[in-house]
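Asks:
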Amino acid sequence: MVRQKVGGKQAQILRVQDHCIELDQDVLQEILLNDRIKDKPVAVISLAGDFRKGKSFMLCFFLRYLYNSGSPVWLGSPSDPLRGFKWRSGCDRHTTGILIWDEVFLVNTSQEKELAVLLMDTQGINDDKSTIKESAAIFALTAMLSSVLVYNLSQNIQENDLQYLQLFTDYGRLAQQHIIGEPFQKLLFLVRDWYHVQDAVFGIDGGRKLLDQRLEVKENQHPQLQDIRKHIRSFFTEISAFLMPHPGLEVATGASFDGQLSKISEDFKEQLLQLVPSLLAPENLIPKVINGRKVTCQQLVIYMTTYVHMFKQDTLPEPKQCSR
Numbered sequence: 002m003v004r005q006k007v008g009g010k011q012a013q014i015l016r017v018q019d020h021c022i023e024l025d026q027d028v029l030q031e032i033l034l035n036d037r038i039k040d041k042p043v044a045v046i047s048l049a050g051d052f053r054k055g056k057s058f059m060l061c062f063f064l065r066y067l068y069n070s071g072s073p074v075w076l077g078s079p080s081d082p083l084r085g086f087k088w089r090s091g092c093d094r095h096t097t098g099i100l101i102w103d104e105v106f107l108v109n110t111s112q113e114k115e116l117a118v119l120l121m122d123t124q125g126i127n128d129d130k131s132t133i134k135e136s137a138a139i140f141a142l143t144a145m146l147s148s149v150l151v152y153n154l155s156q157n158i159q160e161n162d163l164q165y166l167q168l169f170t171d172y173g174r175l176a177q178q179h180i181i182g183e184p185f186q187k188l189l190f191l192v193r194d195w196y197h198v199q200d201a202v203f204g205i206d207g208g209r210k211l212l213d214q215r216l217e218v219k220e221n222q223h224p225q226l227q228d229i230r231k232h233i234r235s236f237f238t239e240i241s242a243f244l245m246p247h248p249g250l251e252v253a254t255g256a257s258f259d260g261q262l263s264k265i266s267e268d269f270k271e272q273l274l275q276l277v278p279s280l281l282a283p284e285n286l287i288p289k290v291i292n293g294r295k296v297t298c299q300q301l302v303i304y305m306t307t308y309v310h311m312f313k314q315d316t317l318p319e320p321k322q323c324s325r
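Heads up, the sequence shown is in our numbering, so the first residue is 2 and it goes up one at a time.
1) Among residues of its own chain, excluding the 5 on either side of Lys264, which ones have a beta-carbon nearer than 8 Å to its beta-carbon?
2) Go ahead and label Thr143 buried or exposed: buried means 16 or more other beta carbons lie within 10 angstroms of its beta carbon, across all protein chains shown.
3) Quick test of the definition: if touching needs 3 or more C-beta pairs under 8 Å, does the region 73-90 touch the region 105-114?
4) If distances are taken between C-alpha atoms only, which option among Thr307, Gly55, Ala12 comes closest to Ser155?
5) Excluding five sequence neighbours on each side, which residues of the same chain lie with their C-beta closer than 8 Å to the C-beta of His197?
6) Taking C-beta to C-beta, are Ile14 and Ile99 nearer than 8 Å?
7) When you compare only the Cα positions, how much space is there between Gln222 and Gly8?
8) Taking the C-alpha atoms as reference points, what is the distance between Cys323 and Asp194?
9) The alpha helix (DSSP H) with Phe269 in it runs from where to where?
10) Let me confirm a value: Lys130 is counted as buried when at least 16 other C-beta atoms fall within 10 Å, else exposed. Which label applies?
11) Whose C-beta lies closer than 7 Å to the C-beta of Ile287 among residues of the same chain, with five residues either side of it excluded?
12) Quick check on DSSP: helix, strand or coil for Tyr68?
13) Please give the ranges of any alpha helix (DSSP H) in the region 133-205, keeping only runs that are unbroken, at least 4 residues long and fully inside the region.
14) At what residues does the alpha helix (DSSP H) containing Ser235 begin and finish?
15) Check whether the region 208-228 touches the region 158-176, taking contact to mean three or more Cβ pairs, one atom from each stretch, closer than 8 Å.
16) In whole angstroms, give me the CA-to-CA distance for Glu271 and Gln314.
17) Per DSSP, what kind of secondary structure is Ser57 in: helix, strand or coil?
18) Helix or strand or just coil, what does DSSP make of Ser241?
19) Please list the terminal residues of the continuous alpha helix (DSSP H) segment that includes Thr110.
20) Between Ala49 and Thr97, which are expected to be in contact by the criterion C-beta below 8 Å, what is the C-beta distance as a whole number of angstroms?
21) Gln299 and Leu34 look like a contact to me (Cβ under 8 Å); what is the Cβ gap, rounded to whole Å?
22) For Glu277, I'd like the list of residues in its chain whose CB is within less than 7 Å of its CB, leaving aside the five on either flank, ordered along the chain.
23) Mind reading off the beta-carbon distance from Tyr152 to Ile126? Whole number of angstroms is fine, and I expect it under 8 Å.
24) Assign Asp93 to one of three DSSP states: helix, strand, or coil.
25) For the alpha helix (DSSP H) containing Ile32, name the first residue and the last one.
26) Give me the Cα-Cα distance between Gly85 and Gln11, rounded to the nearest whole angstrom.
27) Helix, strand or coil for Ser78 per DSSP?
28) Taking C-alpha atoms, which residue in Met121, Val192, Phe237, Thr132 lies nearest to Gly173?
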C-alpha cells in the first residue's frame, strides 16, 4: 500500500526581515533536538537555484519516496494529489528563506545503525525582491549545511549558473575557513526541462556528458572562466548531474493541476524513478560530515546557529568581492 498522506509539514527556520537573515531557534530546536533523533548522524538533502523552477514540486516526490521507503511502487496512484512542501504554478516567488520538513526520517543503512534524513527547501535566487547579499547568504548556508546540494537549473548548465555557484560557494567558504579539505560535500546539477536529447540523453549518463563539457578547462578559455571551473571542482567532494525532461504542458499551465501522476509525462515519471532513489535509497544516503566527523542533529543546530551569526556580523566582504 502506497502512503499518499504526509505526516509532517514544512517549517520555516530562516527568514529574511528588512534584508537581514533571522534564524528561528525555537522551531529549529523543536525539530532537531527531539530525543528520537538528536544523537543520530544526519543526512541533509537540499534544493537551491533560481526561483520558480520547481524546487518545492520536486521535493514533494522526495517526501513521497521517504514515506514509502522500500516500496517498488512508491510513486503511487495516478489520481492522487502531490502533498508536502507548498508549491504552485505561476511567475511570482513562493518559497522564502529556508524551510525544512518537520518530520525527520530515520533510515537504516549498511554503514549506520540509523541515519536521520532531513529535507531542506530554499528561497530561489534571481528574484526581484532579494539583494545579492541575501541570496548569497541563503545559498551559502544551504551549501554549508547540506550533505547533498541539488542545484536546480532550467534547460541547461549555462555560464551564469557556474558564475553564481562559484560566487555564492566562495562566500560560504570564507565563512568556514576552519574546514580542512573541501568545504562542501556532494553537488548535483539537476537540469530541468532538458530538450537536447540528441546531444545528451535524460538521466545520469546524459548529465555526466553535459557536466564534463561544461566544467572542462580548455587552453583557449579566458583565465577567469578557467578559474571558475577549477574552484567549483575544488569546493565539492563529489559533483554529478542529472537531466530531467519537461513534466508536460498541463503541469506548466494547468490552473487546477495538483500533482496527479496521470497528468505528468511518462518520460518525467520514468526519470523520477531513477533520480529519487539515487539520492535517497539507504545505500546512497550521505551523512553530513564536517572536518572528517559525522554531524548529529544536535550538532547541526549548533553549526547552523554559528553560521547564521557569522553572516549577520557583517565581517564578510560583499559577495561581489569574492569572485575571482
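We put the beta carbon where it would ideally sit given N, CA and C, even for glycine.
Replies: Put simply:
1) Gly249, Glu251, Val252, Gly255, Phe258
2) Residue burial is scored here from C-beta neighbours: Thr143 has at least 16 other C-beta atoms within 10 angstroms and is therefore classed as buried.
3) no
4) Selection Thr307, Gly55, Ala12 evaluated against Ser155 yields Gly55 as nearest (Cα-Cα).
5) Asn157
6) yes
7) 51 Å
8) Since pLDDT at Cys323 reaches only 47, below the 50 mark, its modelled position is unreliable, and no value is offered.
9) 267-281
10) exposed
11) Ala44, Ser148, Val149, Gln186, Lys187
12) helix
13) Runs of the alpha helix (DSSP H) spanning 4 or more residues and lying entirely within the region 133-205 occur at 133-146, 160-176, in chain order.
14) Its alpha helix (DSSP H) spans residues 224-236.
15) yes
16) Whole-angstrom Cα-Cα distance: 46 Å.
17) helix
18) strand
19) Segment: none, Thr110 is in no alpha helix (DSSP H) and carries neither H nor E.
20) In fact, because the Cβ distance is near 13 Å, the residues do not count as touching under 8 Å.
21) That belief holds up - the Cβ atoms of Gln299 and Leu34 are roughly 6 Å apart, short of 8 Å.
22) According to the sequence displayed, residue 277 carries Val and not Glu. Correct list, in chain order: Phe62, Phe63, Tyr66.
23) Incorrect: roughly 10 Å between the Cβ atoms, too far for contact.
24) With a pLDDT of 49 at Asp93, under the threshold of 50, the predicted position of this residue should be treated as unreliable, and no value is reported.
25) 26-33
26) 7 Å
27) It is coil, neither helix nor strand.
28) Phe237
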